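>
Protein chains: 2
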Amino acid sequence: MMLQEQRHKMIESFLKHQKAVKASELAVLLDVSIDTVRRDLEILEKKGLVKKVHGGAVLIQNTDNVLNKLFSEREVKNIEKKQEVASLAIELIEEGQAIALNGGTTTIEIAKAIVDKFKRLTVITNDLRILSILGANKHFNVILTGGFFNPEEYTLYGKQCEEILSNFNIDIAFITVNAISLEHGLTDFRINEVGVIQSMLSRSKYKIVAADSSKFETSAFINICPLKEIDLIVTDHSLPSDVLEEYSNQNIRILSPH
Amino acid sequence: MMLQEQRHKMIESFLKHQKAVKASELAVLLDVSIDTVRRDLEILEKKGLVKKVHGGAVLIQNTDNVLNKLFSEREVKNIEKKQEVASLAIELIEEGQAIALNGGTTTIEIAKAIVDKFKRLTVITNDLRILSILGANKHFNVILTGGFFNPEEYTLYGKQCEEILSNFNIDIAFITVNAISLEHGLTDFRINEVGVIQSMLSRSKYKIVAADSSKFETSAFINICPLKEIDLIVTDHSLPSDVLEEYSNQNIRILSPH
DNA sequence: CATCCTTTTGCAATATTTTGCTTTTTTTCA
DNA sequence: TGAAAAAAAGCAAAATATTGCAAAAGGATG
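Listed in order, the protein sequences are those of chains A and B.
Note that numbering that gives the first Met the number 0 numbers the first sequence so that position 48 is 47, with each residue one more than the last.
Note that numbering that gives the first Met the number 0 numbers the second sequence so that position 53 is 52, with each residue one more than the last.
1. Can you list, in chain order, the residues of its chain whose CB lies under 6 Å from that of B/D126, leaving out five sequence neighbours each side?
2. Using the C-alpha atoms, what's the distance from B/L40 back to B/G47?
3. Using a Cβ-Cβ cut-off of 7 Å, state whether B/K116 counts as contacting chain A.
4. So is B/T175 buried or exposed if we call it buried at 16+ other beta carbons inside 10 Å?
5. Using the beta-carbon of each residue, which ones in chain A are nearer than 7 Å to B/T144?
6. Quick one: what's got a C-beta closer than 6 Å to A/D235's C-beta in the same chain, skipping five residues either side?
7. Rounded to whole angstroms, how far is the Cβ of B/F147 from the Cβ of B/G157, which I believe are closer than 8 Å?
8. Compute the Euclidean distance between the alpha carbons of B/F13 and B/V52, then round it to the nearest angstrom.
9. In chain B, which residues lie with their C-beta within 9 Å of the C-beta of A/Q3?
10. Going along the chain, which residues of the region 3-22 of chain B sit with their C-beta nearer than 7 Å to a C-beta in chain A?
11. B/N136 versus chain A: which residues are under 7 Å apart at the beta carbon?
12. Contact defined as beta carbons within less than 8 Å: I believe B/L231 pairs with B/L200. What is the distance between those atoms, to the nearest angstrom?
13. Kindly give me the distance between the Cβ atoms of B/A110 and B/I132, rounded to whole angstroms, as I take these residues to be in contact under 8 Å.
14. Starting from A/K116 and walking both ways along the beta strand (DSSP E), at which residues does that stretch end?
15. If contacts are defined as beta-carbon pairs under 8 Å, then B/I59 and B/K45 qualify, I think. What distance do you get, rounded to the angstrom?
16. Compare the C-beta of B/I89 with all C-beta atoms of chain A and state if any pair is closer than 7 Å.
17. Counting Cβ pairs closer than 8 Å, one from the region 217-230 of chain A and one from the region 192-209 of chain A, do we hit at least three?
18. Extract the residue ranges of the beta strand (DSSP E) inside the region 215-249 of chain A, only unbroken runs of 3 or more that lie entirely within it.
19. Under 7 Å Cβ-Cβ, which residues of chain A neighbour B/K68?
20. As a quick exercise: from A/I10, A/H7, A/E11, A/V122, pick the residue whose alpha carbon is nearest that of A/I171.
21. If you follow the alpha helix (DSSP H) that A/I59 is in, where does it begin and where does it stop?
22. Between B/K21 and the ligand NAD, is the CB less than 6 Å from at least one heavy atom?
23. Alpha carbon to alpha carbon, how far is B/R37 from B/L28?
24. Going by DSSP, which residues form a beta bridge with B/G55?
25. Rounding to the nearest angstrom, what Cα-Cα distance links B/S165 and B/R202 in this structure?
26. In angstroms, rounded to a whole number, what distance separates the CA positions of A/I251 and A/L226?
27. Can you tell me the Cα-Cα spacing of A/L2 and A/T144, whole angstroms?
28. Comparing alpha-carbon positions, which option in B/I223, B/F117, B/C160 lies nearest B/A135?
29. For A/I207, which residues does DSSP report across the bridge?
30. In whole angstroms, what is the alpha-carbon distance linking A/V242 and B/V75?
31. Under 7 Å between C-beta atoms, does B/I221 make it to chain A?
32. Can you list the residues of chain B that A/Q96 reaches, using a CB-CB cut of under 7 Å?
33. Kindly list the residues whose CB is nearer than 8 Å to the CB of B/Q96, restricted to its own chain and excluding five residues on each side of it in sequence; keep chain order.
34. Using a C-beta to C-beta distance shorter than 7 Å, which residues of chain B count as neighbours of A/V141?
35. State yes or no: is the beta carbon of A/R128 nearer than 7 Å to at least one beta carbon in chain B?
36. A/E182 to B/L87, Cα distance in whole Å?
Shown next, in the form of structure tokens:
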């Protein structure tokens, strides 16, 4: 017989692949009675991982929309490009400055890069993954915006989160967004992240967007701000030269590795 | 017969491959009684390497949770007493309430206890270890006070941290402090934590101090507040009856397991 | 090496938790 | 509406935990 904990893990991973499962199937699979399966599902439901339905259970989907999910799957793929962006971006930072990093995979790469390069920095972020990278370094002054915890993204959001930012004068904000276009400016699917980004931008002297080349000339659902409010976009080497030229014509500055 | 140390190593390496193991399996494998296995697992649990579950134990993996990478385990003093305090304290909570937990090992035990017992709670805290425990339950509404990150305690502090609390109306605040005495009231050594505690108390309808018996009639450097501002102190069974009586004479309510 | 002391171990009695079965109630769908 | 399937509730048996205790093992000391 298996441990309860193991059964729960199996049910979870089963549901991650199948979205829905019958209680009777699980009983066979786990070699326990259907009653035990029901009790297991009850516990998982209490934790908010599954939802019990007549006949079995279904996986609890992200409350965020499906587009967001599709996007975050694409995100992980461009990791080398993001590293390229990050190493270029951190060249703009000077020792001792106060910088802001919003939630996102590109800013995570920036965090990884600065932890090696700088001795002393003040960093304000709403992303707990960034905190976990920078927090180990005792010389860094890390400030976390407070607010509501988003367990999907490991970020914080909300009015309180945005208010706290108004206490600080930030030298550089490094912002990552889902999409950039000349027509719509910065846009995003993450409904809760947008407010944080806007607050960070408004509190920063120098506003930089860090975005790999795949983000250009795409757009997402929620408007953040027009591109003219941004001081600089940092990207990777594979941005087509015609895009680069067009942005340049519109007076949007782009920094990319030559 | 094998040395205790060797058994522990074997259990560890076994768990590294198998993630979970039954106590009865280990008894056969190590050729000792199941009681000895349980005692071994208890020791490994205290070291933070495994988690005991009914029937055996599971490996604690910091890959489960981004934040866990940050935390280095420290030996917790009086953990059994703190668990006793925690299980008594959570009896006072009702489903759906909003509670506050400040930073400290006793509040961590409270967090572990509530995550299993309750389905839906709103919790506000300045402790990242508490966040990482409660994050396991997707139905919990977890709010993190923002502020400066303290890498020694994994907590947040500062003016901003205290201000954010003023946005919320908390049902119950569970507070842990270094020291309690009739003469000095609540006192603490953690200079940055004091402000957070005071803010939490001022925002809460019901103010509860959770403290194991070793804290009584000791005092620390920084004053927090006199005992008369506290509604209830929850403690463990080993508080001497004369202390209990004296507090009772002074109209300080104490709850302890009978 | 015998003695004392501490720690560890296994055992037995007791308590707790988990499980599967039975019965009753609810839900589904024709 | 009514029959079949599923879920909930209650219960007893099995598995697991806990506690206290005595025996065994191991160490230190003279």
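Backbone N, C-alpha and C fix where the C-beta goes; we use that ideal spot for every residue, glycine too.
Being a predicted model, the structure only gives us computed values, none of them experimental.
Taking the geometry as given:
1. G102, T154
2. 10 Å
3. no
4. buried
5. G145
6. K80, E83, V84, D211, S212
7. 4 Å
8. 16 Å
9. V52, H53, G54
10. A19, K21
11. K46, G47
12. That belief does not hold up - the Cβ atoms of B/L231 and B/L200 are roughly 13 Å apart, past 8 Å.
13. 4 Å
14. Not the beta strand (DSSP E): A/K116 falls in the alpha helix (DSSP H), residues 104-116.
15. Wrong, their Cβ atoms sit about 12 Å apart, outside the cutoff.
16. no
17. yes
18. 221-224, 231-233
19. S131
20. A/V122
21. Premise fails: A/I59 is in no alpha helix (DSSP H) and is neither H nor E.
22. Among the ligands in the structure shown, none appear at all, so the ligand NAD cannot be discussed.
23. 14 Å
24. B/K21, B/V52
25. 7 Å
26. 7 Å
27. 40 Å
28. B/F117
29. A/F173, A/L231
30. 58 Å
31. no
32. Residues of chain B passing the Cβ test: none, with the nearest at roughly 17 Å.
33. L120, T121, D170, I171
34. F148
35. yes
36. 59 Å
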